[in-house]
Amino acid sequence: MDRHFLPSRAKQLVALASFPGAGNTWARHLIELATGFYTGSFYFDGSLYNKGFKGERDHWRSGRTICIKTHESGRKEIEAFDLSILMIRNPYKALMAEFNRKYGGHIGFASQAHWRGKEWPEFVKNYAPWWASHTLDWLTYGRSVHVVHFEDLKRDLFSLLKGMVQFLGLKVSEDRLLCVEGQKDGNFKRSGLRKLEYDPYTPEMRANIDELIRTVDAALRKRNMSGVPAEYMPR
1 MDRHFLPSRA
11 KQLVALASFP
21 GAGNTWARHL
31 IELATGFYTG
41 SFYFDGSLYN
51 KGFKGERDHW
61 RSGRTICIKT
71 HESGRKEIEA
81 FDLSILMIRN
91 PYKALMAEFN
101 RKYGGHIGFA
111 SQAHWRGKEW
121 PEFVKNYAPW
131 WASHTLDWLT
141 YGRSVHVVHF
151 EDLKRDLFSL
161 LKGMVQFLGL
171 KVSEDRLLCV
181 EGQKDGNFKR
191 SGLRKLEYDP
201 YTPEMRANID
211 ELIRTVDAAL
221 RKRNMSGVPA
231 EYMPR
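In the UniProt record's numbering, the protein residues as written are 1 to 235.
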């Protein structure tokens with residue numbers, strides 16, 4: 001399906017915000033197919049540009065893209081945007097996805113040595129609190145925030161993507177949305193998380209992450225949004 005830059009400069013800057021590993025690139029792919037417009041990025045990733053994300057090379061404030069990928073979470077960075085779609089993913093999955101990306105490239109996987117070595121515990125210690133603070137910061141400082149859970153988007157692509165397009169202020173094309181169904185994975189999405197032979201999370205890690213999940217869930221509910229999907233919650 002064809003995609004273009006916006007015909008006239010966007011009046012509002014819209015963030016597509018997420019913690020790393022939460023499906024941001026996949027969401028960009030879906031938004032581009034559903035709207036016909038390129039998405040931009042706060043960063044520049046040549047490999048994504050080469051895979052067809054032509055908005056990647058534009059300065060993020062160019063106003064030529066429909067929304068802008070960002071993993072930033074400071075107040076100043078958040079307040080630079082007028083609206084935001086906030087992607088949230090189960091931290092147990094997002095942390096593993098980002099660890100794989102960090103040590104194996106965009107579609108690669110971390111080696112057993114990385115999982116079993118000191119890198120993984122160190123990574124969880126640093127990144128798990130950021131998973132929560134990222135969401136809390138966007139809920140606190142974001143001007144108008146539309147929350148999308150990665151798992152819900154996978155389960156109910158049509159209606160959630162439709163909601164995202166409407167939030168972007170565009171008319172929904174049912175034809176385009178139906179076409180997205182057939183091309184929903186694109187050629188860059190990792191083929192799911194490679195199954196590890198064992199659970200990399202220690203009981204101590206789980207206790208910490210479960211507490212962070214409860215904090216995020218409470219923050220969402222406090223703002224009259226639905227809490228995190230049931231599968232995040234500790235059994």
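For glycine and all other residues, C-beta sits at the position ideal for the given N, C-alpha and C.
Taken through DSSP and simplified to helix, strand or coil, Ala15 comes out as strand.
The Cβ atoms of Glu98 and Pro20 lie closer than 8 Å to each other. According to the DSSP assignment, Ser84 belongs to the beta strand (DSSP E) that extends over 83–88. Secondary structure at Gly40: strand, using DSSP grouped into helix, strand and coil. Fewer than three pairs of CB atoms, one per stretch, sit closer than 8 Å, so the region 136–146 makes no contact with the region 56–63. For Val165, the three-state secondary structure derived from DSSP is helix. Sixteen is the threshold: since fewer than 16 other Cβ atoms of the shown chains lie within 10 Å of the Cβ of Tyr198, the residue is exposed. Tyr127 and His71 have their alpha carbons spaced roughly 12 Å apart.
Judged by DSSP in its simplified three-state form, Ile66 adopts coil rather than helix or strand. Taking C-beta atoms as the reference points, Ala34 and Leu16 fail to come closer than 8 Å. Close CB contacts of Asp175 within its chain, under the 8 Å cut and outside five residues either way in sequence, are absent. Looking at the DSSP output, His114 shares a beta bridge with no other residue. Across the structure, Val216 and Pro91 are spaced so that their CA atoms are roughly 11 Å apart. For Arg223 and Gln183, the gap between their C-alpha atoms comes out near 34 Å. Just so you know, the alpha carbons of Met225 and Val148 end up roughly 11 Å apart.
A straight-line Cα-Cα distance of about 14 Å links Ile209 and Ala218.
Straight through space, the alpha carbons of Ala113 and Gln12 are spaced by roughly 46 Å. For Ala110, same chain residues with a beta-carbon under 7 Å away, outside a window of 5 residues either side, are Phe99, Asn100, Tyr103, Gly104 in chain order.
Taking the CA atoms as reference points, Leu220 sits about 13 Å from Ser133. Per DSSP, Val147 is one residue of the beta strand (DSSP E) stretching across 145–149. Counting only residues of its own chain and dropping the five nearest sequence neighbours on each side, Leu30 has a CB closer than 7 Å to the CB of Leu161, Val180, Lys184. Membership of Trp138 in the alpha helix (DSSP H) is indicated by the continuous run 119–141.
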